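All remarks here apply to the structure that follows.
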Amino acid sequence: MYRRITSLYSSLVITLVCLLVSVSSNANQVQVITHTPPQNTVMLRTQIKAIYLGQQTQWPDGSKITVFILNSNDPSHQSFIKEVLELYPYQFRRRWQKLSYSGFGVKPTVVNNKEEMLLKIATVPGAIGYIDERIMREGVQYVQID
Amino acid sequence: MYKLIKNHFILLPALFSLALVSIPLVSNANNLDKLSIGGFVSQGVVHTSDNQFFDENDDTSFNMTEASLQANYQLSSSVKISGQVMYRNWGKIESSVLDYLMLDYSFLSTDTTNMGLRLGRIKNDFGLYNLTRDIPSARPSIFLPQSIYLDILRDTITASDGISIYANHRFSAGNLSWHFTYGLYNVTDDLIVSILGPTIKGDFSVPEHTRYLKFTWEPPQGDWLISLGYSDPTASFEQELASTDQIGVTPGQFNYESYLLSYQYYAENWDFSLEYERKKTDSSGFDLYIPNVPEQFQPDFPPLFKLKNVSDAFYGQWRYLLSNELTFMLRYGRFVSDNNDKNGEKFAAASAINAPAFSRYTKTFTTGLNWQISEHWRIDLEAHYFEGTGIISPLVKVDTSQNTSKYWQLFAIQASYSF
Chain C
7 MYRRITSLYS
17 SLVITLVCLL
27 VSVSSNANQV
37 QVITHTPPQN
47 TVMLRTQIKA
57 IYLGQQTQWP
67 DGSKITVFIL
77 NSNDPSHQSF
87 IKEVLELYPY
97 QFRRRWQKLS
107 YSGFGVKPTV
117 VNNKEEMLLK
127 IATVPGAIGY
137 IDERIMREGV
147 QYVQID
Chain V
4 MYKLIKNHFI
14 LLPALFSLAL
24 VSIPLVSNAN
34 NLDKLSIGGF
44 VSQGVVHTSD
54 NQFFDENDDT
64 SFNMTEASLQ
74 ANYQLSSSVK
84 ISGQVMYRNW
94 GKIESSVLDY
104 LMLDYSFLST
114 DTTNMGLRLG
124 RIKNDFGLYN
134 LTRDIPSARP
144 SIFLPQSIYL
154 DILRDTITAS
164 DGISIYANHR
174 FSAGNLSWHF
184 TYGLYNVTDD
194 LIVSILGPTI
204 KGDFSVPEHT
214 RYLKFTWEPP
224 QGDWLISLGY
234 SDPTASFEQE
244 LASTDQIGVT
254 PGQFNYESYL
264 LSYQYYAENW
274 DFSLEYERKK
284 TDSSGFDLYI
294 PNVPEQFQPD
304 FPPLFKLKNV
314 SDAFYGQWRY
324 LLSNELTFML
334 RYGRFVSDNN
344 DKNGEKFAAA
354 SAINAPAFSR
364 YTKTFTTGLN
374 WQISEHWRID
384 LEAHYFEGTG
394 IISPLVKVDT
404 SQNTSKYWQL
414 FAIQASYSF
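Chains as they are written, first to last, in the numbering used here: chain C, 7 to 152; chain V, 4 to 422.
Have a look at this one:
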């Protein structure tokens, strides 16, 4: 009886672990996307951060960078801030309050959903954004973070 | 009212020319996405238990209305123009100002370095909060820590007309940003009263350009930052002598030199800020004389005041995010007018007008709450407990009769709508 319970218990644990693993592998990592023709297929994390914090406003070839974000309560916005920029969402919000009201920076453009994000990235030259799923689209390039 | 008209005199032509420039740009639909606008409106209520800090009378004041309108226009990939007009009814001061209007030219942009120039009226990035000290949604409390962000000296630090160079360098060990600004700040009537009190009438001007310098270092993870700022404002004074004045004051000059160290640490649900300032102050001139009496018959007066001191100020602030919408804040700050006389006793003993020792320092405990109701609406609520009046009678204020209470409190609530 005791043995049966332990084996039941261990199989339950194994199932749970498998479930968790499959859930986490399904959970999509947020990826940075840019408009093609590409600036770079590989970008430094520090550079992405500088772009999203308004410090870098031009691509190295001199063209204008247009920055897109999702709504601040969108889960993929939150994961982008935490995982890619390595900041807390409140830091990002406060930094932009400071930059935009002093004229030192121009706020990123907010889009409502990932479909709109893809459309903007595909059509606006110099655009940068992020998405939590890999959808291939003409004019959209996925960036590898170094 | 006169003040308002005088300010509009500068503001209106500036606005008008801005509008003229923007009409043909905006009327072309292709240009619309190059334009972005923003702003806010806010209204608050302040209750001051004693002393004259906010409004003419103690007690409750509704004279806390602020509004701004701001616009950016991208002229080319590297040049943009930004401006903001601001209306501010803040206790005793009512003003409409061109808060900033500048051309921003980003002349270097590589994978690791950015550099640019700003030209025009530029906000001063001094300390953690000066840049947005008048923006309700971008400050930690309605009243910034007064030990560092003295409202009575705000003219010298708010913005300057001049030129600024800025840069950002990214290394694997972290991120270095710096800027150097060279310009003239704008003097308002408020500065004169703040420094000399209401009894002496006259004009302040800015004899020399002020230099503002700031370096900021952040590690790659961005969980803390440290910055060092420097500024050296000067102000010179010339009395407006009335025919009834029994005694006159010769022209004089103030020089400040300020070093400000700022530190901020960020955790998931809280952040901690510490700022420490050392300020050197000196003055020249300000000798007393009897009007219409030849020099050889003038008695040998001591100067009205002679400043040569070093003073330190600091505050520590802890903010805790109770939820995404609610932030709780605790702060302690201290200000002294003179490091050699921290409790003001030497000053009080030597004072001919019986100025109290507590007029030379201030200790402040503040607690507050921000409630971000929605993306646009926010409410701020706070209480300040003060010991001493150093922050409201800082320098030489001849008349301290309005600030008679050693212990005093300030309570404030403000609602703001930002867009």
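Beta carbons: idealized from backbone N, C-alpha and C, even for Gly. Keep in mind the model is a prediction, meaning the values are calculated, not measured.
Euclidean distance between Cα positions of Ile-394/V and Asp-290/V: 25 angstroms
Own chain residues within Cβ distance below 6 angstroms of Thr-68/V, not counting five before or after: Gln-46, Asn-92
Own chain, CB closer than 6 angstroms to Arg-143/C, minus 5 neighbours either side, in chain order: Leu-124, Ala-128
Contact between the segment 242–250 of chain V and the segment 266–284 of chain V (3+ Cβ pairs under 8 angstroms): no
Inter-residue spacing [alpha-carbon to alpha-carbon] between Lys-309/V and Lys-282/V: 16 angstroms
CB-CB length for Glu-260/V against Asp-235/V, believed under 8 angstroms: 5 angstroms
Contact list for the segment 313–343 of chain V against chain C, Cβ threshold 7 angstroms: Leu-324
Asp-206/V and Glu-241/V closer than 9 angstroms at C-beta: yes
Same chain only: Cβ atoms within 6 angstroms of Thr-42/C, ignoring 5 sequence neighbours per side: Gly-145, Gln-147
Residues of the segment 114–127 of chain V with Cβ closer than 7 angstroms to any Cβ of chain C, in chain order: Asp-114, Asn-117, Lys-126
Proximal residues of chain V, C-beta to C-beta of Lys-113/C below 7 angstroms: Ser-39
Within 7 angstroms of chain V by C-beta, residues of the segment 35–63 of chain C in sequence order: Leu-50, Thr-52, Gln-53, Ala-56, Gln-61, Gln-62, Thr-63
Within-9 angstroms CB hit, Lys-217/V to chain C: no
Chain C within 9 angstroms of Ser-2/V, Cβ atoms only: Residue 2/V is absent from the model: chain V starts at 4 and stops at 422.
Whole-angstrom distance between Ser-140/V and Gly-371/V, CA atom to CA atom: 14 angstroms
Identity of the residue in Tyr-90/V, Tyr-266/V, Asn-75/V nearest Leu-106/V by Cα: Asn-75/V
Every unbroken beta strand (DSSP E) within the segment 238–319 of chain V, with a cutoff of 3 residues, ordered by chain: 255–269, 273–288
DSSP three-state assignment for Gln-417/V, whether helix, strand or coil: strand
Secondary structure, alpha helix (DSSP H): runs of 4+ residues fully inside the segment 343–389 of chain V: 348–353
Proximity to Ile-376/V [Cα-Cα], best of Asp-193/V, Thr-330/V, Asp-58/V: Thr-330/V
Beta-carbon proximity check, Lys-113/C vs Gly-41/V, cutoff 9 angstroms: yes
Amino acids of chain V, ordered along the chain, whose beta-carbon sits closer than 8 angstroms to that of Ser-69/C: Ser-80
Assigned exposure category for Gly-119/V - 16 Cβ within 10 Å defines buried: buried
CB contact check: Pro-81/C to chain V, cutoff 9 angstroms: no
Other residues of its chain near Phe-361/V: CB distance less than 8 angstroms, five sequence neighbours each side excluded: Gly-347, Glu-390, Gly-391, Thr-392, Gly-393, Lys-409
Collapsed DSSP secondary structure at Ser-140/V in the structure displayed: helix
As assigned by DSSP and simplified to three states, the class of His-83/C: helix
9 angstroms Cβ cutoff, Gln-46/V in contact with chain C: no
Residue closest to Lys-55/C, alpha-carbon to alpha-carbon, out of Asn-79/C, Gln-97/C, Pro-81/C: Gln-97/C
Rounded straight-line distance, which links the Cα of Thr-40/C to that of Gly-132/C: 7 angstroms
For Lys-83/V, the nearest candidate out of Ser-85/C, Phe-110/C, Trp-65/C (CA to CA): Phe-110/C
Inter-residue Cα distance where the pair is Ala-415/V and His-379/V: 20 angstroms
Own chain, CB closer than 8 angstroms to Gln-150/C, minus 5 neighbours either side, in chain order: Thr-47, Val-48, Met-49
Span of the alpha helix (DSSP H) around Trp-102/C: 95–108
Trp-411/V CB to nearest heavy atom of the ligand PLP below 8 angstroms: No copy of the ligand PLP appears in this structure; indeed no ligand is present at all.
Amino acids of chain C, ordered along the chain, whose beta-carbon sits closer than 8 angstroms to that of Ala-141/V: Arg-100, Gln-103, Lys-104, Tyr-107
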